[in-house]
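Trainee:
Numbering (this note's numbering), first residue to last: 84 to 153.
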């Protein structure tokens, strides 16, 4: 896998996957369409981060010192 943020190659088992929902329609238009009863499906984006980028961007928290490996 390739990190989305820095481009580093990471093993698939070590990469942290983050899935975010994305809105296809603008917020104002979404409100108007919702009033008329239209169902709007939202999309989702999946990003993969290496451990250092995931910790730096607060996607995962760092383990306590007594739980760290080594």
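For every residue, glycine included, the Cβ atom is placed at its ideal position computed from N, Cα and C.
Please state the DSSP three-state secondary structure of residue 110.
Mentor: Reduced to three states, the DSSP call for residue 110 is helix.
Trainee: So residue 131 and residue 94 are supposed to be a Cβ contact under 8 Å. How far apart are they, rounded?
Mentor: Not a contact, Cβ separation roughly 11 Å.
Trainee: Quick check: what's the CA-CA separation for residue 114 versus residue 120?
Mentor: Cα to Cα, the separation comes out at about 10 Å.
Trainee: Measure from the alpha carbon of residue 103 to the alpha carbon of each residue in 136, 147 and 142, then state which is nearest.
Mentor: For the residues 136, 147 and 142, the minimum Cα distance to residue 103 belongs to 142.
Trainee: Find out if the Cβ-Cβ distance for the pair residue 106, residue 90 is shorter than 9 Å.
Mentor: No.
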